[in-house]
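Following: one structure in structure tokens, then a few remarks.
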Amino acid sequence: METPKDPFAFILDEHDRQFEICARLENFVGTLGSEPCAREAAALLTFLVQDLPVHIEDEERDLFPLLASRRGDDENLTIILDQLVSEHELDRGLVEPIVQDLRHIADGRTPSDIKRFCMDVRAFSEAMRRHINWENRVVIPLAEGILRAQDREHLATRIAERRRNLAPRGS
Ligand SMILES: [Fe+2]
Ligand SMILES: [Fe+2]
31 METPKDPFAF ILDEHDRQFE ICARLENFVG TLGSEPCARE AAALLTFLVQ DLPVHIEDEE
91 RDLFPLLASR RGDDENLTII LDQLVSEHEL DRGLVEPIVQ DLRHIADGRT PSDIKRFCMD
151 VRAFSEAMRR HINWENRVVI PLAEGILRAQ DREHLATRIA ERRRNLAPRG S
């Protein structure tokens with residue numbers, strides 16, 4: 031993919047997509063059983079196993095270290111970044127059972143426990159929305175204020191490299 035001109039706008043766009051995915055997941059579990067859904071399950075799976083991990087890598091490997099390098103003496107920032115990293119870890123745990131259930135559905139089978147699947151989706155979506163709101167309101171404005179032109183270029187380059195290395199969709 032092309033290197034984004036504005037890496038912060040790129041991350042904000044991805045956050046918008048993540049909000050959409052939360053709504054699609056909730057809609058998906060709300061209509062389970064009443065509509066054919068293997069294709070939607072496969073699309074949601076691609077997001078959870080491919081797009082979301084790459085986004086988290088952008089933040090953990092590039093955005094957060096760049097912020098820390100410019101404001102390493104700011105204790106509040108250190109606490110915020112540590113909190114966001116532990117939320118990523120929590121999200122990975124929440125995603126795992128959802129991925130298993132979506133794989134079942136994408137293969138034309140039924141999840142073993144639909145009630146638990148619904149609860150997992152609700153917990154994940156709520157955690158994601160809280161996390162994204164925090165990043166949108168605090169982290170991105172801070173990054174726009176303190177990262178320098180060379181930091182932005184570095185972040186943009188890494189975002190593009192990471193996506194060029196992904197397997198093509200549908201493979
Ligand atoms: Fe994040
Ligand atoms: Fe994010």
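Under the numbering used here, the residue at position 104 of the sequence shown is numbered 134, and the numbers go up by one with no gaps. Glycine is no exception: its CB is placed at the ideal position from the N, C-alpha and C atoms.
{"Query": "With distance defined between alpha-carbon atoms, name the residue in N163, R100 and L107 nearest to I41.", "Result": "N163"}
{"Query": "Cutting at 7 Å between CB atoms, please list the residues of its own chain near I189, excluding the five before and the five after it.", "Result": "P34, P37, F40 and D88"}
{"Query": "Of the residues R193, N195, I51 and V168, which one's Cα is nearest the Cα of F94?", "Result": "V168"}
{"Query": "So what does DSSP say about K35, is it helix, strand or coil?", "Result": "coil"}
{"Query": "Quick check on M31: buried or exposed, where buried means 16 or more other Cβ atoms within 10 Å of its Cβ?", "Result": "exposed"}
{"Query": "Which of the three DSSP states, helix, strand or coil, is assigned to E195?", "Result": "Note that residue 195 is Asn in the sequence shown here, rather than Glu. DSSP places N195 in coil when its eight states are reduced to three."}
{"Query": "Taking Cβ to Cβ, would you say E126 is nearer than 9 Å to H85?", "Result": "no"}
{"Query": "Could you check if I177 is buried or exposed, using at least 16 other CB atoms within 10 Å of its CB as the buried criterion?", "Result": "The sequence given here has Leu at residue 177, not Ile. Classification of L177: buried, given that the 10 Å Cβ count is 16 or more."}
{"Query": "Compute the Euclidean distance between the alpha carbons of K145 and F58, then round it to the nearest angstrom.", "Result": "13 Å"}
{"Query": "Quick one: using the 10 Å Cβ neighbour count with 16 as the cut-off for buried, is A173 buried or exposed?", "Result": "buried"}
{"Query": "In this structure, how does DSSP classify C67 when only helix, strand and coil are distinguished?", "Result": "coil"}
{"Query": "So, with DSSP's three-state summary, where would you put H45?", "Result": "helix"}
{"Query": "Over what stretch of residues does the alpha helix (DSSP H) that includes E126 continue unbroken?", "Result": "E105 to A136"}
{"Query": "Are three or more beta carbon pairs between the segment 118-136 and the segment 148-164 nearer than 8 Å?", "Result": "yes"}
{"Query": "Which first and last residues belong to the alpha helix (DSSP H) in which D88 is found?", "Result": "Careful: D88 lies outside any alpha helix (DSSP H) and carries neither H nor E."}
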